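Residue numbers (the UniProt record's numbering): 1 to 490. All C-beta atoms, glycine included, are put in the ideal place defined by N, C-alpha and C. Note that the coordinates shown come from a computational prediction; the quantities given were computed from them, not determined experimentally. Structure first, then comments.
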């Protein structure tokens, strides 16, 4: 009996050991299958960035780097609040590498919403992938935070890309545009720049949207990747890879100051954000012009801080109205929060003057007060609501040299376009011009060729030729608000 018990015990032990061994073998086989025979799980963005012609898998996992969700070739929309079912079908096809289907769906999406530049870019990207070996550029915009400005920039890029691709590109190679959203945030801009630099297919960058984020990203692009700015104007932006397609704050500040000097204003009160790169830059250049003309007493060395949380616009306006010597206000808000504060100051001032007129007080002196500002206040809502405003902008559609492009753009987009569209068109044209100067196109040839471009036709108006500082020497344009519209002031 005891021998039987011992025999059964040994059998139980052997069965238990066998079961454990089987489980271990199954786990080993599963590990080998998952890690050595399957393709690595790669996000759609990473595939899209690093292997251009590889189909993008449908329902791929979320990217490990969250900022990859801010980058798209056509595999996601950066404007999800815009509804377009054909665009969404195109995105699904693009993810799967079905570029002919993507072309068809994006083409229908363009017909449904011809004013949306993102869709036209994705349509052309599908064409470029279908052809193979595209010439790839990146454009970085504040898509979520400043949608209108972002789309203005993308319209210029899309128009240049579409025009080039419709003419069969460069020996059959079409331009592809990678769109990235930095949310006008410096930390995000750094991560976006790092992703772009790591993607060896990208030959150059258009962006970023504002001076502060461009300044943050610029060291990451240095020394090998060219960046052409179509919107960032700070004079502090310098570097071996940095090119600027529009007048800098020096040109804009001088233009406004010359207007003030010509009108012999006795006193000008300046509002700015002293810690913002753009705001501080244009304010300093504005004031420096008075110093050079020995009229420094007209403008203060400091400004009233638009970013001060304790700023009381109503009280500041009262102070202006009480001062008999003030003949102009210079408003230089940053491109973020202080724009609303600046607009509030102008509206409060105009409302105060209107109230004084209604009370039959003598307001002849108040009528002489002008409001001067830079391009950050070039917005439709500004023209619709504010008066007595003089702006210096990089481009204006009613200027004589701008009219041809303005008409073409209006036909393309169904309405008038802003300076951001014009300068972004020129930035894209500058890169395309650099492609044409070498039989082989690479980051190195683009960086080497940009200083050599000399484009007199097919620009937004002025010739494109960089000087030794990699700037385009063209003047700013003065415009004014009249009857709810921007009109030429020159």
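Residue i versus residue j: straight-line alpha-carbon distance, rounded
i           : j           : result
residue 487 : residue 385 : 15 Å
residue 212 : residue 277 : 6 Å
residue 357 : residue 274 : 35 Å
residue 490 : residue 172 : 44 Å
residue 431 : residue 484 : 37 Å
residue 175 : residue 117 : 15 Å
residue 202 : residue 352 : 53 Å
residue 145 : residue 454 : 35 Å
residue 91  : residue 75  : 5 Å
residue 499 : residue 269 : Outside the modelled stretch of the chain, which goes from 1 to 490, sits residue 499, for which no answer is possible.
residue 451 : residue 419 : 23 Å
residue 184 : residue 83  : 24 Å
residue 36  : residue 73  : Any answer about residue 36 is weak, because its pLDDT of 41 lies below 50 and its placement is not dependable; what the coordinates show is given next. Each residue's alpha carbon lies about 30 Å from the other.
residue 130 : residue 97  : 9 Å
residue 207 : residue 350 : 35 Å
residue 289 : residue 261 : 9 Å
residue 138 : residue 178 : 4 Å
residue 441 : residue 135 : 8 Å
residue 439 : residue 164 : 17 Å
residue 463 : residue 105 : 37 Å
residue 47  : residue 69  : With a pLDDT of 29 at residue 47, under the threshold of 50, the modelled position of that residue is not reliable, and no figure is offered here.
residue 332 : residue 257 : 13 Å
residue 359 : residue 221 : 59 Å
residue 320 : residue 312 : 13 Å
residue 107 : residue 198 : 31 Å
residue 167 : residue 446 : 21 Å
residue 392 : residue 342 : 16 Å
residue 187 : residue 324 : 45 Å
residue 467 : residue 474 : 11 Å
residue 215 : residue 355 : 44 Å
Of the residues the options, the one placed nearest residue i, counting alpha carbons only
i           : options            : result
residue 398 : 146, 449, 477      : 477
residue 444 : 204, 413, 483      : 204
residue 169 : 139, 127, 189      : 127
residue 345 : 304, 142, 325, 335 : 304
residue 189 : 160, 458, 219, 162 : 219
residue 244 : 433, 471, 480      : 471
residue 65  : 339, 336, 195, 254 : 195
residue 330 : 322, 71, 255       : 255
residue 396 : 481, 328, 162, 469 : 481
residue 322 : 335, 369, 280      : 369
residue 267 : 115, 217, 371      : 371
residue 192 : 320, 71, 340, 324  : 71
residue 335 : 281, 347, 312      : 281
residue 78  : 140, 113, 100      : 140
residue 223 : 473, 448, 475, 102 : 448
residue 265 : 301, 328, 95, 382  : 328
residue 338 : 272, 402, 380      : 272
residue 428 : 161, 95, 101, 125  : 161
residue 102 : 293, 402, 125, 216 : 125
residue 461 : 113, 433, 434, 403 : 403
Buried or exposed (CB count within 10 angstroms, at least 16 for buried), residue i
i           : result
residue 436 : exposed
residue 132 : exposed
residue 142 : buried
residue 181 : buried
residue 415 : exposed
residue 388 : buried
residue 81  : exposed
residue 326 : buried
residue 469 : exposed
residue 291 : exposed
residue 412 : buried
residue 457 : exposed
residue 111 : exposed
residue 340 : exposed
residue 400 : exposed
residue 85  : exposed
residue 87  : buried
residue 149 : buried
CB contact check: residue i to chain D, cutoff 8 Å
i           : result
residue 260 : Absent from the structure is chain D; it holds one protein chain and no more.
Please list the segments of the alpha helix (DSSP H) lying wholly inside the segment 430-470, counting only runs of 4 or more residues, in order along the chain. 443-449
How about the segment 302-310 and the segment 249-257: do they share at least three Cβ pairs that are nearer than 8 Å? no
Under 8 Å, with one C-beta from each stretch per pair, do the segment 121-139 and the segment 152-162 reach the 3-pair mark? yes
Is the number of C-beta pairs between the segment 373-384 and the segment 403-412 that are closer than 8 Å three or more? no
Between the segment 297-305 and the segment 237-246, can you find at least three pairs of beta-carbon atoms closer than 8 Å? no
Taking three-plus beta-carbon pairs below 8 Å as touching, is the segment 283-291 in contact with the segment 315-327? no
Considering only residues of the segment 377-418, which uninterrupted alpha helix (DSSP H) runs meet the minimum length of 4 residues and lie entirely inside it, listed in chain order? 380-385, 403-413
Any chance the segment 409-428 sits against the segment 225-234, with 3 or more Cβ pairs inside 8 Å? yes
Enumerated in chain order, which unbroken segments of the beta strand (DSSP E) with a length of 3 residues or greater are wholly contained in the UniProt domain "Leucine-binding protein" (149-299)? 175-181, 202-206, 226-229, 242-244, 267-272
For the segment 317-349, which segments carrying the alpha helix (DSSP H) assignment without a break, of at least 4 residues, lie completely within its bounds, in sequence order? none
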